[in-house]
Amino acid sequence: MFLYRLLYFFREAFQGIKNNRFTHMVAIGTITLALLTFGIFIITVINLNQIFDDWGKRIQVIVYMDEDTSSEGIKKVKEKIINLTQTENIIYVSKERALITLKKSLHNQNGILDNLDDNPLPASFEIQLKEEYKNLQSVQAFVARVKGIDEVSDAEYGQEWLEKFSAFISMVKLVGVSIGCFLLLATIIIISNTIKLTIYSRREEIEIMKLVGATNFFIQTPFFLEGFIQGLSASLLSLGILFVSYKILISKIIIDYSLYLGYLDLIFLPQKLIIELILLGILLGLFGCAFSMGRFLKA
Amino acid sequence: MIQIFNLYKVYPDNHPALTDINLHIKKGDFVFATGPSGAGKTTLIKLIFCAERATRGQIIVNGINLAKIKKSGISYLRRNIGVVFQDFKLLNNRTAYENIVFALEVTGARRKEIKRKAWQVLKLVGLQNRLDATPLGLSGGEQQRIAIARAIVNNPTILLADEPTGNLDSEITQDIMELFKNINERGTTVVIATHNKNLAHQYSDKHILLEKGRVINPA
Ligand SMILES: Nc1ncnc2c1ncn2[C@@H]1O[C@H](COP(=O)(O)OP(=O)(O)OP(=O)(O)O)[C@@H](O)[C@H]1O
Ligand SMILES: [Mg+2]
Numbered sequence: 001m002f003l004y005r006l007l008y009f010f011r012e013a014f015q016g017i018k019n020n021r022f023t024h025m026v027a028i029g030t031i032t033l034a035l036l037t038f039g040i041f042i043i044t045v046i047n048l049n050q051i052f053d054d055w056g057k058r059i060q061v062i063v064y065m066d067e068d069t070s071s072e073g074i075k076k077v078k079e080k081i082i083n084l085t086q087t088e089n090i091i092y093v094s095k096e097r098a099l100i101t102l103k104k105s106l107h108n109q110n111g112i113l114d115n116l117d118d119n120p121l122p123a124s125f126e127i128q129l130k131e132e133y134k135n136l137q138s139v140q141a142f143v144a145r146v147k148g149i150d151e152v153s154d155a156e157y158g159q160e161w162l163e164k165f166s167a168f169i170s171m172v173k174l175v176g177v178s179i180g181c182f183l184l185l186a187t188i189i190i191i192s193n194t195i196k197l198t199i200y201s202r203r204e205e206i207e208i209m210k211l212v213g214a215t216n217f218f219i220q221t222p223f224f225l226e227g228f229i230q231g232l233s234a235s236l237l238s239l240g241i242l243f244v245s246y247k248i249l250i251s252k253i254i255i256d257y258s259l260y261l262g263y264l265d266l267i268f269l270p271q272k273l274i275i276e277l278i279l280l281g282i283l284l285g286l287f288g289c290a291f292s293m294g295r296f297l298k299a
Numbered sequence: 001m002i003q004i005f006n007l008y009k010v011y012p013d014n015h016p017a018l019t020d021i022n023l024h025i026k027k028g029d030f031v032f033a034t035g036p037s038g039a040g041k042t043t044l045i046k047l048i049f050c051a052e053r054a055t056r057g058q059i060i061v062n063g064i065n066l067a068k069i070k071k072s073g074i075s076y077l078r079r080n081i082g083v084v085f086q087d088f089k090l091l092n093n094r095t096a097y098e099n100i101v102f103a104l105e106v107t108g109a110r111r112k113e114i115k116r117k118a119w120q121v122l123k124l125v126g127l128q129n130r131l132d133a134t135p136l137g138l139s140g141g142e143q144q145r146i147a148i149a150r151a152i153v154n155n156p157t158i159l160l161a162d163e164p165t166g167n168l169d170s171e172i173t174q175d176i177m178e179l180f181k182n183i184n185e186r187g188t189t190v191v192i193a194t195h196n197k198n199l200a201h202q203y204s205d206k207h208i209l210l211e212k213g214r215v216i217n218p219a
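Read top to bottom, the protein sequences are chains A and B.
Counting from 1, one number per residue, gives the positions in the first sequence under this note's numbering.
Counting from 1, one number per residue, gives the positions in the second sequence under this note's numbering.
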């Protein structure tokens with residue numbers, strides 16, 4: 001009995017889709033586009049976060065000493081830093097060592113540095129933090145603490161790019177959310193219009209259904225099923241497109257990126273988000289349908 | 001069966017279609033509503049199956065007060081009221097048989113029941129050998145028979161007909177009227193709206209005479 005009814009609903013829904021093939025295709029295309037945009041933004045943000053984390057792992061704090069700190073003083077500072085809970089590992093870089101490193105890194109023009117009377121570089125410590133403290137807040141707290149030590153003139157952790165990158169990700173998120181919301185609205189309107197067209201093409205059937213005493217549930221269900229099918233096919237389609245593009249991209253980008261910036265593992269949408277994207281598609285389909293249904297049942 | 005008290009219907013453009021109607025149609029009656037064009041016959045029929053709502057007054061059908069009925073109530077009420085129109089209102093893309101099945105299907109009937117009932121009414125209206133024809137392949141009289149079959153397939157207690165023979169020639173009209181009579185003899189209350197007074201007199205002595213929205217029956 002239940003099965004027979006279900007069969008009836010599906011038959012009617014597919015009939016509706018068949019009768020308005022073109023409009024349905026346009027609707028599915030639009031939902032796909034909206035979901036695709038969402039998916040691209042989500043993947044971008046996830047991967048940017050991933051890269052961000054990855055770079056975060058390489059964070060090290062550099063502590064510069066005052067110009068004329070005695071070796072006693074340097075020892076004292078080293079002790080103090082080692083005793084901080086965040087410190088994993090600390091390396092002392094003397095003034096001489098710093099100059100040699102600089103000369104090495106400027107290998108082509110090292111003549112410039114040869115003429116210096118005096119070594120202008122300060123002595124410093126390079127500090128690795130423990131894994132669990134490699135995040136913006138902990139690093140900032142650590143740096144503030146270290147700066148408080150008398151003999152320390154300055155401490156840095158590459159704050160500028162960290163903050164810029166952080167701002168960049170926020171902006172990507174903002175743009176993604178605004179475009180996404182706009183597309184959501186457009187999608188609902190387009191779906192509601194397709195359903196309106198199917199309602200129109202079946203107005204005689206609906207009139208007779210009302211006449212012979214079909215309940216609203218019976219009248220509406222095939223249309224909601226149409227919306228559901230639209231949403232589901234669009235989400236599967238967009239996920240398919242996303243996945244294929246991701247596979248193509250990954251084979252190109254990863255090689256290039258790895259050459260310059262080290263190993264990179266681009267990730268696809270995690271399972272939870274895949275399910276959420278499918279649900280979003282279905283929800284869009286049902287919403288669009290409910291939108292036109294509300295108006296139609298009042299009439 | 002159908003009781004109407006102080007019924008008024010005013011359409012949105014402030015045109016009064018029915019004014020102070022009081023009626024009592026009994027179970028098993030065969031009644032005609034007659035009157036000139038614009039008298040309010042169609043409006044009366046529509047009010048009885050809730051296609052329009054009364055502006056004032058009460059209509060009680062099978063003990064249900066239509067002024068208080070909810071949306072879902074209307075669906076169930078209509079399963080107890082068959083309606084037939086001048087223009088048949090059949091689905092042209094379905095066969096005669098499918099048109100009847102459709103009415104059963106959308107009211108959630110069981111599959112076995114659908115087959116049995118569809119056959120039964122097709123036999124009753126005498127079209128069991130035309131079930132695969134689509135409405136466009138049927139004559140007007142045959143189309144109206146299918147429409148009547150669809151209207152009675154749920155065994156309604158009331159059958160309403162609005163100018164059911166308006167599109168048919170006089171010979172076919174007689175056949176259709178005989179069919180209504182037949183259905184009435186099986187216990188269904190039948191209400192037919194028509195401007196054709198002679199037809200009404202030929203088949204019944206129970207008439208509701210309407211003019212300009214009022215009942216003008218001599219007391
Ligand atoms: N939907 C509507 N909106 C506004 N006025 C209407 C509507 N339907 C009917 N009327 C008006 O109500 C009055 C009664 O109309 P109704 O259709 O009930 O008459 P009728 O007796 O069925 O006429 P006919 O024999 O021509 O079918 C008419 O004056 C008509 O113009
Ligand atoms: Mg009329």
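Here a beta-carbon is modelled for each residue, glycine too, at the ideal position from N, C-alpha and C.
In this text the structure is predicted, and so the values were computed from the model without any measurement.
Given 8 Å, three or more beta-carbon pairs between the segment 244-252 of chain A and the segment 14-32 of chain B: no
Min CB distance A/Y8 to chain B below 7 Å: yes
Cβ-heavy atom distance, B/H228 to ligand 1, below 6 Å: A question about residue 228 of chain B goes unanswered here, because the residues of chain B that appear run from 1 up to 219.
Boundaries (first-last residue) of the beta strand (DSSP E) holding B/W31: Reading off the sequence shown, one finds Val at residue 31 of chain B, where the question assumed Trp. B/V31 -> beta strand (DSSP E) spans 30-34.
Assigned exposure category for B/N154 - 16 Cβ within 10 Å defines buried: buried
Neighbour flag for B/E52 against chain A, beta carbons, 7 Å: no
Contact test: B/T165 Cβ vs ligand 2 heavy atom, cutoff 6 Å: no
Sequence-ordered residues whose beta carbon comes within less than 6 Å of a heavy atom of ligand 1: B/Y11, B/D13, B/H15, B/A17, B/G35, B/S37, B/G38, B/A39, B/G40, B/K41, B/T42, B/T43, B/H195
Three-state class that DSSP yields for B/D205 in the structure shown: coil
Of the listed residues A/L99, A/I127, A/E126, nearest to A/D117 (C-alpha basis): A/L99
contact_flag[the segment 96-114 of chain B, the segment 29-45 of chain B] where n(CB pairs < 8 Å) is 3 or more: no
Status (buried if at least 16 other CB within 10 Å, exposed otherwise) for A/S124: buried
The segment 51-58 of chain B contacting the segment 128-141 of chain B, beta-carbon criterion three pairs below 8 Å: no
Chain A contact residues for B/Y76, given Cβ-Cβ distances below 7 Å: G213
Contact set between B/E105 and chain A, taken where Cβ atoms lie within less than 8 Å: Y8
B/E171 burial status per 10 Å Cβ neighbour count (16 or more: buried): exposed
Beta carbon proximity, A/M209 to chain B, threshold 7 Å: yes
Beta-carbon neighbours of B/S72, restricted to chain A and to distances below 8 Å: T215, N216
Chain A residues whose Cβ lies nearer than 9 Å to that of B/V83: L211, V212
Which of helix, strand or coil DSSP assigns to B/R56: strand
Closer than 8 Å at the beta carbon, the chain A residues around B/G141: In chain order: nothing, as chain A lies at least about 20 Å away.
Nearest-angstrom Cα separation, counted from B/I4 out to B/Q120: 33 Å
Element boundaries [alpha helix (DSSP H), containing B/T42]: 41-48
Residues near A/A155 by beta carbon distance below 8 Å, same chain, minus five either side: V61, I62, V63, Y64, V143, V146, K147
Chain-ordered chain A contacts of B/R79 [CB-CB under 8 Å]: V212, G213
Own chain partners of A/T215 with C-beta closer than 7 Å, once the 5 adjacent residues on each side are dropped: none
Residue environment, B/G57, which counts as buried when at least 16 other CB atoms sit within 10 Å: buried
Beta strand (DSSP E) segments (min. 3 residues) lying fully within the segment 118-196 of chain A: 124-129, 152-156
Status (buried if at least 16 other CB within 10 Å, exposed otherwise) for B/H24: exposed
DSSP three-state assignment for A/H24, whether helix, strand or coil: helix
Inter-residue Cα distance where the pair is A/V139 and A/Y157: 8 Å
Per DSSP, cross-strand counterpart(s) of A/M293: DSSP output for A/M293 lists no bridge partner at all.
Close Cβ partners of A/T221 (< 6 Å) along its chain, the five nearest in sequence each way excluded: F9
B/T157 and B/N80 closer than 7 Å at C-beta: yes
Within-7 Å CB hit, B/I208 to chain A: no
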